[in-house]
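For the sequence shown, this note's numbering assigns the number 5 to the initial residue and increments by one for each residue that follows.
Glycine included, C-beta positions come from ideal geometry on N, C-alpha and C.
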Amino acid sequence: MRRISGLLIACAMAVSCWAQDATFNVATYNLRQLNDGDRRAGNGWEQREPVVAKLIQFHDFDIFGTQEGFKSQLEDLKRDLPGYDYIGVARDDGKEAGEHSAIFYRTDLFDVVNHGDFWLSETPDRPGLGWDAACVRICTWGRFRHKPSGKEFLFFNLHMDHVGTLARTESAKLIKRKIDEFGPELPVFLTGDFNVDQTSGSYKTITEDGVLTDAYTRAKFVYANNGTFNNYRTDGFTTQRIDHVFTSPSVEILKYGVLTDTYRTPLEDAVSVDTNGTAPEELDIVTFTPRTPSDHFPVRTTVTLP
């Protein structure tokens, strides 16, 4: 009887584990590479990074693709995101030289089953320009296991070329082939800065056969009051989305949002704002400069695996 009871408890625990809902947050964020021009304009990485890290934590990014980050930037984020790690190598040499398309993930929520990198070119196994691209471009991928449910999925993250039209289209086709190679039976996420909006030819190449769908079009709730590129402007508006989260049709999209968080930096000649008597006299509002944490807004989705 004791042995039977033990078996029943073990079975109940196993059923409970596999019954866990595989719901989590997937995001993409172009971090904007570290450079002196941004620093001179008041948008230096050392100023933006703490805001980026807190934004990620406050909005509960569980797993997310990044673009443009140099090794030092990724290490800064890892330092300020306790409980996160990342995968991905640099595009210029396959090691640490140049920008990354790294994938960050919560280590308490996901295991990395397998991972790797390939280049968006005719020779994806080594660094090099592809087709008509202006820059070397890389895609980082991982096969992840969601610990609470045991469910696995594929995650691809990339930064498509900003010039090469052919390169973007062929890169989209390459991703489809890699899905077939790495795990066509698994749910798939594809995130990144695609440098094209929802009306472009390469966007249609990604979505036309139904293997991947735009999370924006399938979300049950959408919060997107702007497009995703801001050029460090807090007063700009666009309907164009060039940063995307694509998923397999079987993935349920609960929420989709373009996060337009801003922050403020002081002015040398800051003055108090006149509230015209509409606020308590103890309240002191001072003029500061509004800024964005990156020249892109992040996209965040809440998803459930099938």
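Query                                                                                                                       : Result
Chain-order list of residues whose beta-carbon lies under 7 Å from that of Phe62 (same chain, five-residue window excluded) : none
Contact set for Pro310: own chain, Cβ-Cβ below 7 Å, skip 5 residues either direction                                        : Pro191, Ser254 and Val255
Backbone CA spacing between Ala31 and Gly46 [nearest angstrom]                                                              : 26 Å
Residue range of the beta strand (DSSP E) that includes Gly120                                                              : Phe114 to Trp123
Rounded Cβ spacing between Gly73 and Ala106 (contact assumed at less than 8 Å)                                              : 6 Å
Pro60 to Gly281 span [Cα, whole Å]                                                                                          : Note on identity: in this sequence residue 60 is Ile, with Pro being the wrong assignment. So the alpha carbons of these two residues sit roughly 37 Å apart.
Run of the alpha helix (DSSP H) containing Thr173, from where it starts to where it stops                                   : Thr169 to Phe186
Inter-stretch contact (C-beta, 8 Å, three-pair minimum) for the stretch 200–207 and the stretch 168–179                     : yes
Below-9 Å beta-carbon distance, Asn161 vs any chain D residue                                                               : The chain labelled as chain D is not found in the depicted structure, where only one protein chain is given.
Under 9 Å between C-beta atoms of Phe160 and Trp145                                                                         : yes
8 Å contact criterion, which Asn29 and Asp84 should meet: CB distance rounded                                               : That pair is no contact at about 18 Å.
Residue burial classification, Asp121 (beta-carbon count within 10 angstroms, cutoff 16)                                    : buried
Nearest to Ala219 (by Cα), restricted to the options Val249, Thr242 and His104                                              : Val249
Nearest residue (CA-CA) to Tyr33, options Leu78, Val55 and Val303                                                           : Val303
Glu272 in three-state terms, based on DSSP                                                                                  : coil
Extent of the continuous alpha helix (DSSP H) run through Arg52                                                             : Trp49 to Phe62
Identified DSSP bridge partners for Pro294                                                                                  : Arg268
Short Cβ contact (9 Å threshold) for Gly231 with Ile246                                                                     : yes
9 Å Cβ cutoff met for Leu133 and Gly69                                                                                      : no
Touch test, the stretch 42–58 against the stretch 271–279, Cβ-Cβ under 8 Å, three pairs minimum                             : no
Residue burial classification, Asn229 (beta-carbon count within 10 angstroms, cutoff 16)                                    : exposed
Euclidean distance between Cα positions of Thr211 and Met164                                                                : 16 Å
Close Cβ partners of Lys224 (< 6 Å) along its chain, the five nearest in sequence each way excluded                         : Leu258
C-alpha distance - Asp42 paired with Phe148, whole-angstrom precision                                                       : 35 Å
Option in Thr269, Glu285 and Asp299 with minimal Cα separation from Phe292                                                  : Thr269
Separation of Trp135 from Gln24, as counted between CA atoms                                                                : 44 Å
Residue closest to Phe108, alpha-carbon to alpha-carbon, out of Lys82, Asp288 and Glu53                                     : Lys82
Phe284 versus Pro294: straight-line alpha-carbon distance, rounded                                                          : Strictly speaking, residue 284 in this sequence is Pro, with Phe absent from that position. Their Cα atoms are separated by approximately 24 Å.
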